[in-house]
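Take a look at the structure below.
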Amino acid sequence: MRLQKEVREGLGKDGKEALDKHLKKLGTLKKVTDELHGNKAGSEDMNEKVKHALMGNPDLLQGDMILTESHADELIEEAKIKLDAKKHGKNITDKSVVEKLKKNRALMKNLRLKWEFPIPYFSENVDAKKIDDALKDMEANSCLSFKRTSKFSDKSGLRYYPGVGCYSLIGRAFPNKPQDVSIAAGCDYMGIIQHETLHALGFMHEQCRPDRDQFLSINLNNVAPNQRFNYQIVNSDKTETFGIPYNYGSAMQYDKKAFSNNNQVTMITKNKLYQDTIGNKARMAFLDYKMLNKALCSDKCKGGVKCSNGGYEDPRKCGTCKCPYLLTGPKCTDYIKNPSNCDGKNYYKLSNQPVSIKPKGLTSCVYAIEAGPGKKVKLTFGKANQWSRGEFCYADDALEVQYLNDKSLTGVLYCGSPKGSITSEGTLMLVKYTGRTQYCFNELTFTAV
11 MRLQKEVREG LGKDGKEALD KHLKKLGTLK KVTDELHGNK AGSEDMNEKV
61 KHALMGNPDL LQGDMILTES HADELIEEAK IKLDAKKHGK NITDKSVVEK
111 LKKNRALMKN LRLKWEFPIP YFSENVDAKK IDDALKDMEA NSCLSFKRTS
161 KFSDKSGLRY YPGVGCYSLI GRAFPNKPQD VSIAAGCDYM GIIQHETLHA
211 LGFMHEQCRP DRDQFLSINL NNVAPNQRFN YQIVNSDKTE TFGIPYNYGS
261 AMQYDKKAFS NNNQVTMITK NKLYQDTIGN KARMAFLDYK MLNKALCSDK
311 CKGGVKCSNG GYEDPRKCGT CKCPYLLTGP KCTDYIKNPS NCDGKNYYKL
361 SNQPVSIKPK GLTSCVYAIE AGPGKKVKLT FGKANQWSRG EFCYADDALE
411 VQYLNDKSLT GVLYCGSPKG SITSEGTLML VKYTGRTQYC FNELTFTAV
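If you count the sequence shown from 1, you need to add 10 to reach our numbering.
Set out below in structure tokens:
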């Protein structure tokens, strides 16, 4: 209750009313999902015992979302449909159940308010430049537009303020009032500001996508019973994936200990290499932007260009491509040129001899390493002193290795002093070194195998 009170105090008048409605609806949702999944409801005072993470508020959906009435009703009805199917021995893939779910989503979708651009916003007692920079990055990579203004109370928009943690309402909540986006101390990473803004635009978390179980295993034994509902997969229209693959490096993906009540891992990546990559707070991943554009910008261009390597047409300059972060060029087939303080060349074609590269210092370098036909690239880690924040790795201060064929996916992130080796899926490996201090360095050896 203490946390509820603190959250409520920072909200505006309309935000307080929205929170009160949210809490009532969330209680109903918890009861239905507990029955659906056979969970024993936890006592309410357990909320005070679970360590409160900045994006793990036990009174908010999935730790950082305040539900609007229409979205809450959609989720509750969806859970009820699934519960009824379970009671009657039906699978949720049964045609009759699928049709009920589709009808529910379509009905609720029509009740929601849509944003009009530019979205006005103002900041109160938070670092306005960090808010501006995060939104400018979103503008530069999509058709979205935001307009910074003085404080207002008579129109729809966003109010960024320092609440108790990082959280936002889901979607446009009010037709003619600003809605709250909490950016407390510790929430002011670009990626978190963008994460909460994406919630305000209507986007959900990566770990609750319908295809989540193909990529993550959830250990509910490490989650408080009354918080297990936060790991239920959401099948609402808000989790439409637009054909975008699951991305461990998404800014909408929580870290490996989210909702833990014992500081143990709750999410285990099925690709073990990515275990320390999840929980990116640096900025939106390339695929986050691609999905954002699929959802909100699909009418801006006529598809006059075909981009390679998973790139997408730039809605601000139709006929040109927005490329995955480690590629460039008109069609996303070129390699990034490095500054002069990067060791070696930006591209190597491997032969029988290994190639050693030793990037160091305060700089950023991207290397493309290619093996011959039928060969793969093996990277062996040598001595290293990569910036480390402990057990989590962020893209803005890590060694990123894109070893998969799909170069639109975030690569594996390595911090500290990585050991062992990693081998490419195909003939090409992309590696990005980011040094946060003059003392950072990596010794990398590449061989064709």
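Even for Gly, the Cβ is constructed at its ideal location relative to N, Cα and C.
Item: Pick from Leu438, Asp44 and Lys140: whose alpha carbon is nearest that of Leu93?; Value: Asp44
Item: Find out if the Cβ-Cβ distance for the pair Leu275, Val17 is shorter than 8 Å.; Value: Reading off the sequence, residue 275 comes out as Val, not Leu. No, the Cβ-Cβ distance between Val275 and Val17 is not below 8 Å.
Item: Checking the sheet assignment: what are the DSSP bridge partners for Thr279?; Value: Leu226
Item: Given a cut-off of 8 Å, decide if Lys386 and Ser418 are closer than it, judged by their beta-carbon atoms.; Value: no
Item: Beta carbon of Gly167, beta carbon of Tyr199: below 8 Å?; Value: no
Item: So what does DSSP say about Cys218, is it helix, strand or coil?; Value: helix
Item: Decide if Thr457 is buried, meaning its Cβ has at least 16 other Cβ atoms within 10 Å, or exposed.; Value: buried
Item: Check whether the region 35 to 43 and the region 147 to 157 touch, using three or more Cβ-Cβ pairs below 8 Å as the test.; Value: no
Item: My guess is that Glu410 and Lys388 are in contact by the Cβ rule of under 8 Å, so how many angstroms apart are they, rounded?; Value: That pair is no contact at about 17 Å.
Item: Taking the alpha carbon of Asp344 as the reference point, which residue from Leu211, Cys331 and Asp142 has its own alpha carbon closest?; Value: Cys331
Item: Nearest CA to the CA of Thr390: which residue from Asp407, Pro383 and Val365?; Value: Val365
Item: Could you spell out the range, first to last residue, of the alpha helix (DSSP H) harbouring Met439?; Value: Here Met439 belongs to no alpha helix (DSSP H); instead the beta strand (DSSP E) covers Leu438 to Thr444.
Item: In angstroms, rounded to a whole number, what distance separates the CA positions of Pro128 and Cys176?; Value: 23 Å
Item: Does DSSP put Asn452 in a helix, a strand or coil?; Value: strand
Item: Determine the direct distance from the alpha carbon of Gly20 to that of Gly196, and round the result to whole angstroms.; Value: 17 Å
Item: Which term fits Ser53, buried or exposed, when burial requires 16 or more other beta carbons within 10 angstroms of its beta carbon?; Value: Summary for Ser53: the model assigns pLDDT 46, below 50, so the residue's position carries little reliability, and this model does not support an answer.
Item: Who are Glu134's beta bridge partners in DSSP?; Value: Answer is none; Glu134 lacks a bridge partner.
Item: For a test of your reading of the model: does the CB of Ala144 fall under 7 Å from any non-hydrogen atom of the ligand GTP? Yes or no.; Value: The ligand GTP is not among the ligands present in this structure, which contains no ligands whatsoever.
Item: What is the rounded straight-line gap between the Cα of Lys485 and the Cα of Val191?; Value: With the chain running from 11 to 459 in the structure shown, residue 485 is simply not present.
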